[in-house]
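Report on one structure; see the data block that follows.
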Amino acid sequence: MGEEFENWSGSLRFSPKRIEKPESTSELQQVVRRVAADGGTCRVVGKGHSSSPLAKTEQTLISLEEMSGVESADPEACEAWVRPGTTLEQMGEELLEQGLAVHNLGDVNVQQLGGAIGTGTHGTGKHLGNLSTMLLGLRMVTADGEVIERHIEEDPDFIRAARVSLGTLGIFCLLRIRVQPAYKLHRQEWCTGVRDCMENLTDLIEKNRNFDFYWYPRSDEVKLRTLNPPDETPSIPFADLLQEQVEWAPRIIAKTRDLRFDEMEYCMPAAAGPAAFRQVRKRMLERHRREVGWRTLYRTTAPDDAMLSPSYKRETSVLSVHHNASLPHEEFFADIEPILHDRYGRPHWGKKHNLRGSQLSRLYPEWEKFQKIRRELDPDGLFLTDYFRDLFDLQ
Ligand SMILES: Cc1cc2nc3c(=O)[nH]c(=O)nc-3n(C[C@H](O)[C@H](O)[C@H](O)COP(=O)(O)OP(=O)(O)OC[C@H]3O[C@@H](n4cnc5c(N)ncnc54)[C@H](O)[C@@H]3O)c2cc1C
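Count along the sequence shown from 1, then add 2; that gives the number in this note's numbering.
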C-alpha cells in the first residue's frame, strides 16, 4: 500500500500502489508503457478538486504537476499551447504577460488546466461556454504509450470527445487553447431579497456578462455577483451594493475558498432553472435549514457540443448545493438530487452525484459515439476502474 491521496474536501481518500510524477512527455510514455506491460491500470489526477471518484485507483496514479507552464502563445491567432499540469492561476498570469487571457473562469483558479478541461469546468455567463470549449487541439499519450496529436480543424469529432473526457481517452500532455486579448472586468456584489432576484432573473442574466447568485437558507437572502466590462456596468436598483473592484479578468473572476465543502451540481435546460431553484429553496426551508447553512448557487452557461458536456447543445441553468466538508452530506444531497435530475439535469462529473449507466447515457445523445472512440483508444481498459465500469455501464 502506498501513500494516501486525499481530495480537496477530504471526502475522498485512497491509497494508490504508486504515485508517478513524470516531468516530460517521454517520461509519461514510459510510465504508461510500464503500467500496461505489468497488466495494471492507471488514472491521471489534476489538482484533486473533484469529489467524485474520478481519480480513485488502488493501482498507479499519475500527476502531471511537474509538466506545467504556457509553452507558447500566438497573440495574432489568439491561441496558446499550455501544459496540462498548469494551474488556472499560473496560466492566467503567464498569458497576461503576453497580453492574453481566457474567456472565463469558474469560482476558483487552483485547478490544473487538464483537470478543468477534463470535467467541463465552467464559470457563469449566458454567452460563455465552459472551459473545455477552449480546447482546439492536443497531444495525448494513449493506452499503448504512443503520443497522438489532433486538431479541431482536421478531426472535430475527436476534439469534441476529448473536451470532456474524464481522463478516459488518454493523458493530455499538451493543450492548444483559444485565448483572447487581455481584458479587465468590473466585479460587483449586491444583496437583495429572493423575490426581487427571481422577478428580475431573466434581465440580470441577459444584461450582465457574468451573473450568478447565492441564496442563503438561514437568512433567506441572496447575494448577486456581476462582472462586466468596466464602462458597461448596468445598475441594479433593487439591490444594495456591497463591494466592487476593477481588475484584469484572470485576477478577479475566481475567488479563494478557505472553508472546505462538498458540493452537488446539476446543469439543466435554462428554462427549467427558476422552477428548480424555487423547489430546492422550499425543500431546504422545510427540511434542511437547521443542518445546512451553506448557500445554493445559481449560474448559467452557453451551449456547446462536447459529447459529454453537461451543457451539450442547450442553454443551461446550473444549480449547486453545498455542505460543510466536516458534516455528512449524503442525506441532504440525495433529497435534493431528484429535483434537479427530474428536470433533465446532467450532473457535474467532478462533484457528488448518484447517477450511473443508463441514467447518464440517456442524457447524452452522443454517448455511444464517445464510448466507441474510448474503446478504440483504450481497448483493454488501461484507464478504467470499477467506478468507471459502473458509470459507463460496461460489463
Ligand atoms: C473549491 C472548489 C471550487 C470549484 N469551482 C468550480 C466551478 O466554479 N465550476 C465548475 O465547473 N467546477 C468547479 N469545481 C470543480 C472542479 O473545477 C473540477 O472538479 C475540476 O475537474 C478539478 O480540477 P483538478 O485539476 O482538481 O482535476 P481533478 O479533480 O484532479 O481531475 C478531474 C478529471 O480530469 C482528469 N484529468 C486531469 N488531468 C488530466 C490530463 N492531463 N489528461 C487527461 N485527463 C486529465 C482526471 O482524470 C479526472 O477525471 C470546484 C471544485 C472545488 C473543490
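A virtual CB, placed ideally from N, CA and C, is assigned to each residue, including glycine.
Keep in mind the model is a prediction, meaning the values are calculated, not measured.
The beta carbon of ALA251 is closer than 6 Å to those of ALA103, TYR185 and LEU187 in its chain, skipping five residues each way along the sequence. In this structure, HIS331 lies away from ASP260, with their beta-carbon atoms at least 8 Å apart. As computed with DSSP, LEU130 is found in no beta bridge at all. Per DSSP, GLN247 lies in no alpha helix (DSSP H); the unbroken beta strand (DSSP E) holding it starts and ends at 242 to 250. In this structure, the alpha-carbon of GLY71 lies about 10 Å from that of GLN114. Annotation for THR121 indicates a beta carbon within 7 Å of some heavy atom of ligand 1.
Only exposed fits PRO367, as fewer than 16 other CB atoms lie within 10 angstroms of its CB. Distances between the C-beta of ASP109 and the heavy atoms of ligand 1 include at least one below 7 Å. When Cβ pairs closer than 8 Å are counted between the two stretches, the stretch 355 to 365 is seen not to touch the stretch 289 to 297, the count staying below three. Residue pairing by DSSP puts ASP214 in a beta bridge opposite ARG227. Checking the 7 Å criterion, the Cβ of PRO305 is out of range of every heavy atom belonging to ligand 1.
The Cβ atoms of GLY122 and SER311 sit closer than 8 Å to each other. Here PHE335 is buried. Its C-beta has 16 or more other C-beta atoms within 10 Å.
Annotation: the continuous beta strand (DSSP E) that includes GLU267 extends over 263 to 271. The stretch 162 to 181 makes contact with the stretch 378 to 389, as at least three CB pairs between them are under 8 Å. Under the criterion of beta carbons closer than 8 Å, GLY295 and PRO219 qualify as touching, at roughly 7 Å. In the DSSP annotation of this structure, the continuous segment of the beta strand (DSSP E) that includes GLN190 starts and ends at 186 to 195. Sorting GLY131, GLN397 and VAL149 by C-alpha distance to the C-alpha of THR27 places VAL149 at the top. Of the residues assessed, ASN356 falls on the exposed side of the cut-off, its CB having fewer than 16 other CB atoms within 10 angstroms. The stretch 370 to 379 makes no contact with the stretch 26 to 40; the number of CB pairs closer than 8 Å stays below 3. In the DSSP assignment, GLY139 falls outside any alpha helix (DSSP H) and within the unbroken beta strand (DSSP E) covering 137 to 143. Between GLY147 and ARG35 the beta-carbon gap is near 4 Å, inside 8 Å, which marks them as a contact. Collapsing the DSSP output to three states places VAL282 in a helix. For a cut-off of 8 Å, the C-beta gap from GLU8 to SER17 is around 10 Å, too long to register as a contact.
By the neighbour-count criterion, in which a residue is buried when 16 or more other Cβ atoms sit within 10 angstroms of its Cβ, GLY347 is buried. Within the chosen limit of 7 Å, ligand 1 does not reach the beta carbon of GLN361 with any heavy atom. The Cβ atoms of LEU229 and ARG211 lie closer than 8 Å to each other.
Counting the other CB atoms within 10 Å of its CB gives PHE279 a total of 16 or more, which places it among the buried residues. Judged by DSSP secondary structure, SER360 falls within the alpha helix (DSSP H) whose first and last residues are 359 to 363.
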